[in-house]
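Encoded as structure tokens, the structure appears first; notes follow it.
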Amino acid sequence: PTITFTAHDGECFTVDALDGTSVMQTAVDHGVPGILGDCGGGCSCATCHVFIPRDWMERLGPASSIERALLSGRDDLAPNSRLGCQIVLSPAHEGLNVLLPESQY
Ligand code: FES
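Under full-length UniProt numbering, the first residue of the sequence shown is numbered 2, with each subsequent residue one higher.
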């Protein structure tokens with residue numbers, strides 16, 4: 002799917018993502034700044050924090066309890082917070098816009 006990352010300063014990065022790849026890995030593979038993914042997608046670092054537009058939240062389904070627990074440790078937690086490594090892309094995600102936080106720490 003083609004997805005767009007919007008950085009905190011408004012800069013946009015539109016990339017063609019591979020099906021079966023996570024939002025975090027897609028950002029890292031395409032050199033999108035603002036996502037770190039320090040744990041490599043193991044759901045243990047929370048440096049892949051992203052914000053999801055409200056209309057996409059339901060379509061993505063709920064976060065797991067582990068993901069929610071990790072997110073709860075972030076100061077910039079918002080109702081539309083997700084971990085990018087836990088969103089695995091498919092054709093259904095065509096047009097997804099992911100908003101990046103000001104910092105991953
Ligand atoms: Fe570490 Fe997502 S990459 S929690």
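Beta carbons: idealized from backbone N, C-alpha and C, even for Gly.
Q) So does S91 have its beta carbon nearer than 7 Å to some heavy atom of the ligand FES? A) no
Q: With a threshold of 16 other CB atoms inside 10 Å of the CB of C13, please say whether the residue is buried or exposed.
A: exposed
Q: Check whether the Cβ atoms of C49 and L100 sit closer than 8 Å, and answer yes or no.
A: no
Q.
Please report the distance separating the alpha-carbon of R69 from that of C46.
A. 12 Å
Q | Straight-line gap, P63 to Q105 (C-alpha atoms, nearest Å) | A | 22 Å
Q) Comparing alpha-carbon positions, which option in L97, I53, F6, A79 lies nearest D30? A) F6
Q | Pair within 8 Å by beta-carbon distance, H9 and G35 | A | yes
Q: Using only the heavy atoms of the ligand FES, determine whether one of them is closer than 7 Å to the beta carbon of L78.
A: no
**Q.** Residues passing the C-beta test against the ligand FES heavy atoms, cut-off 7 Å
**A.** M25, G38, D39, C40, G41, G42, G43, C44, S45, C46, A47, T48, C49, L71, L84, G85, C86, Q87
(Q) Looking only at its chain, what residues have a beta carbon closer than 6 Å to the beta carbon of L71, apart from the 5 residues adjacent to it on each side? (A) A47
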